[in-house]
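Below: the structure, in structure tokens.
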Amino acid sequence: MEKRIFLIGFMGTGKTTVGKRLAEELNWALYDTDHEIVKRVGRPIPEIFATDGEAYFRQLETAVLTELSAVPQAVITTGGGAVLAAENREWMSKSGFVVGLQAEVAEIVRRVADDPNRPLLQADDLSERIVQLMETRAGLYDFAELTLPTTGREIEEIVM
Ligand code: S3P
Numbered sequence: 001m002e003k004r005i006f007l008i009g010f011m012g013t014g015k016t017t018v019g020k021r022l023a024e025e026l027n028w029a030l031y032d033t034d035h036e037i038v039k040r041v042g043r044p045i046p047e048i049f050a051t052d053g054e055a056y057f058r059q060l061e062t063a064v065l066t067e068l069s070a071v072p073q074a075v076i077t078t079g080g081g082a083v084l085a086a087e088n089r090e091w092m093s094k095s096g097f098v099v100g101l102q103a104e105v106a107e108i109v110r111r112v113a114d115d116p117n118r119p120l121l122q123a124d125d126l127s128e129r130i131v132q133l134m135e136t137r138a139g140l141y142d143f144a145e146l147t148l149p150t151t152g153r154e155i156e157e158i159v160m
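For the sequence shown, position 130 (counting from the first letter as 1) is numbered 130 according to the UniProt record's numbering, and the numbering increases by one without interruption.
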């Protein structure tokens, strides 16, 4: 068994829910890159984006991911944009088993609607915004060794 599992996927694909359950099943530690960033900076994500910009957030994301890539027996959930940097994709592939989660746009809209904590999804037409952002990330989640759809599926079906 590999030392760690990374969960990747667009926002709202279920990484947090699946990661929590997977860590419980395996009795492994659970880490979340967003959570680690907030802990480190002491400010919530929308504030980091607003004050320091996305580029700064991405630097923190890479730093946190690099550190977590050394933690044994861990399930690591990542922010949807963690796959943007080639360096991050390489780190994950090299140091763990990468699982990609997918969901349909309408399902993502349902899951993330009215969430003030996702600065990249503050848009009037949420569905259009998600489609646009997904297009800019086309192919970037494909390096996952296993890809699981989560739309309309119960957590048991996904994790077991
Ligand atoms: C982002 C996804 C978010 C968070 C930040 C940026 C992205 O995490 O890292 O708002 O660029 O897709 P979740 O995927 O957990 O929502």
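Here a beta-carbon is modelled for each residue, glycine too, at the ideal position from N, C-alpha and C.
Within a 10 Å sphere around the beta-carbon of Lys15 sit 16 or more other beta-carbons, which makes this residue buried. Within the stretch 2-56, the runs of alpha helix (DSSP H) that reach at least 4 residues and sit entirely inside it are, in chain order, 15-26, 33-41 and 45-52.
For Gln102, the enclosing beta strand (DSSP E) starts and ends at Phe97 to Gln102. Going by DSSP, Ala74 is part of no alpha helix (DSSP H) but of the beta strand (DSSP E) stretching over Ala74 to Thr77. Taking C-alpha positions only, Arg111 is separated from Leu140 by approximately 22 Å. In the three-state DSSP reduction, Pro149 falls in the strand class (E or B). Taking 7 Å as the cut-off, one finds no heavy atom of the ligand S3P near enough to the beta carbon of Leu68.
Taking a C-beta distance under 8 Å as the contact criterion, Phe6 and Val98 qualify as a contact pair.
A Cβ-Cβ contact shorter than 8 Å links Arg129 with Ala123. Distance between Leu68 and Gly152, taken at the CA atoms: about 31 Å. Exclusion of the five residues before and after Met92 leaves Phe6 and Val98 as the residues of its chain whose Cβ lies within less than 6 Å of its Cβ. Taking 7 Å as the cut-off, the C-beta of Ile45 counts as close to a heavy atom of the ligand S3P. A straight line joining the alpha-carbon of Ala86 with that of Ala70 spans about 18 Å. Closer than 7 Å to some heavy atom of the ligand S3P: that does not describe the Cβ of Gly19. For Leu126, the uninterrupted alpha helix (DSSP H) run begins and ends at Leu126 to Thr136, by DSSP.
Going by C-alpha positions, Gly80 is about 12 Å away from Ala103.
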